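Working notes for the structure below.
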Amino acid sequence: MPEGDTVHATAHRLTEALGGVTLVRADLRHPRLSTVDLTGRVFDRAVSVGKHLFLRFGGELSLHCHLGMDGSWRVYSGRAPITHQTRAVLGVPGRTAVGNLLLEMALLSTPDEHRLVDHLGPDLLAPGWSDEHQAEAVRRLTADPARELGAALLDQRVMAGVGNVYKVELCFLLRVTPWTPVSEVDAEKVVRWARKLLLRNALNPIRNTTGDPRRGRSLWVYGRRRQGCLRCGGPVVYTPNGDRVSYHCPRCQQGPGPS
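For the sequence shown, this note's numbering gives the first residue as 1233, with consecutive numbering after it.
In structure tokens, the structure reads:
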């Protein structure tokens, strides 16, 4: 499930593999982009803004991608597997990047990238993060004090980068349930811890919120309905909610349950 750290790592990986090299292969499998040929353009770099990914090419042209729930970009040094799930292929001599199950793709001029992300809150992985970013994220988070914390954390207009796994794990670390009103938590701490978790995992292949590198001990409660809470060993409650789910430990977390 791609979250801000996944998209950040993807941008880093694509830049390392393709950055500064001329494309010898380019295939965009999207109805609006099927006639576009990027072959011969230099791949400049990839940048992430929250869960949005921009691939920049020479001539101030950008390809915007959103990974959605299942999308990914992978880089291959040998033969790249192309399947019915493939939405984009970008190749340079010796390396090929394949984008599978991409939710959105659009071409635009690089100076216009902001139009697709202006609605977002502060990007938690922004390299120039400052006190102003922190204050703005806190302001947006506390704008609706009665809102459930879990819903606020998932709202990319509040702060960009948190997905469902971090929502669940942040609520656990704060010792509150995801249905706790924002007014009952320390908003400064919420933003600070959210950024800390994403930074810690920005380039890690395995998402870890516990600091324990041992197998099966990387998350406190997310996905642990059968194993139980990593902290106390008690039962973890699983709550379906459309295409999202929540997990919480009734022993370790205080607050209301789902309505």
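Positions of the beta carbon are idealized from the N, C-alpha and C atoms, including for glycine.
Being a predicted model, the structure only gives us computed values, none of them experimental.
The alpha helix (DSSP H) with residue i in it runs from where to where?
{"i": "L1373", "result": "1363 to 1373"}
{"i": "Y1398", "result": "1396 to 1405"}
{"i": "P1237", "result": "A small fix is needed here, since residue 1237 is Asp in this sequence, not Pro. Taken as a continuous stretch (DSSP letters only), the alpha helix (DSSP H) holding D1237 covers 1236 to 1250."}
{"i": "A1383", "result": "1381 to 1386"}
{"i": "H1480", "result": "Unbroken run through H1480 is the beta strand (DSSP E), 1476 to 1480; no alpha helix (DSSP H)."}
{"i": "W1452", "result": "Per DSSP, W1452 belongs to no alpha helix (DSSP H) and is neither H nor E."}
{"i": "L1348", "result": "1346 to 1349"}
Which first and last residues belong to the beta strand (DSSP E) in which residue i is found?
{"i": "Y1308", "result": "1304 to 1308"}
{"i": "T1328", "result": "1327 to 1332"}
{"i": "R1319", "result": "1318 to 1324"}
{"i": "L1260", "result": "1257 to 1260"}
{"i": "V1469", "result": "1469 to 1473"}
What residues in its chain sit with their C-beta under 6 Å from that of residue i, if we drop five residues either side in the sequence?
{"i": "T1254", "result": "V1274"}
{"i": "E1292", "result": "S1341, T1342"}
{"i": "G1492", "result": "Lying outside 1233 to 1491, the shown extent of the chain, residue 1492 is not represented and no answer is given."}
{"i": "T1247", "result": "R1277, A1278"}
{"i": "T1471", "result": "S1478, P1490"}
{"i": "L1287", "result": "A1278, L1295"}
{"i": "L1430", "result": "G1236, D1237, L1356, L1357, G1393"}
Name the one or two DSSP bridge partners that residue i has.
{"i": "S1294", "result": "R1288, L1340"}
{"i": "T1412", "result": "Paired residues: none, contrary to the question."}
{"i": "R1498", "result": "As shown, the chain starts at 1233 and ends at 1491. That puts residue 1498 outside it, with no answer to give."}
{"i": "A1419", "result": "Answer is none; A1419 lacks a bridge partner."}
{"i": "T1254", "result": "V1274"}
{"i": "D1376", "result": "Per DSSP, none; premise fails for D1376."}
Going by beta carbon distance, what residues of the same chain come within less than 7 Å of residue i, once the five residues before and after it are set aside?
{"i": "C1484", "result": "F1404, R1407, C1461, R1463, C1464"}
{"i": "G1382", "result": "K1399, C1403, P1410, W1411, S1478"}
{"i": "L1250", "result": "F1275, L1322, V1324, R1327, A1329"}
{"i": "L1435", "result": "A1241, H1244"}
{"i": "G1290", "result": "R1273, V1274, D1276"}
{"i": "L1260", "result": "S1266, V1268, A1320, M1337"}
{"i": "E1420", "result": "V1370"}
If residue i sits next to residue j, beta carbons under 8 Å apart, how far is it from one beta carbon to the other, in whole angstroms?
{"i": "L1335", "j": "G1303", "result": "6 Å"}
{"i": "V1324", "j": "V1268", "result": "Not confirmed; about 18 Å, so no contact."}
{"i": "S1266", "j": "V1239", "result": "Not quite, the Cβ-Cβ distance comes to about 25 Å (not below 8 Å), so this is no contact."}
{"i": "R1432", "j": "T1442", "result": "Contact doesn't hold; Cβ gap of about 11 Å is too wide."}
Grab me the residues of residue i's own chain with a C-beta within less than 8 Å of its C-beta, minus the 5 sequence neighbours each way, in chain order.
{"i": "A1378", "result": "P1413, V1414, S1415"}
{"i": "I1438", "result": "S1450"}
For the ligand MG, I want to know if residue i counts as a neighbour, meaning its beta carbon is within less than 8 Å of at least one of the ligand's heavy atoms.
{"i": "F1286", "result": "Here there are no bound small molecules, and the ligand MG is not part of this structure."}
Note to self: Under 8 Å: do the stretch 1418 to 1428 and the stretch 1318 to 1332 share three or more Cβ pairs, one atom per stretch?
What the structure shows: Cβ pair count under 8 Å is below three, so no.
Note to self: Taking 8 Å as the cut-off, does the stretch 1400 to 1413 touch the stretch 1450 to 1464 (at least 3 CB pairs, one atom from each stretch)?
What the structure shows: Three or more pairs of CB atoms, one per stretch, sit closer than 8 Å, so the stretch 1450 to 1464 contacts the stretch 1400 to 1413.
Notebook entry, point to check: Any chance the stretch 1376 to 1388 sits against the stretch 1358 to 1367, with 3 or more Cβ pairs inside 8 Å?
Noted result: The stretch 1376 to 1388, when compared against the stretch 1358 to 1367, does not touch it at the 8 Å Cβ threshold.
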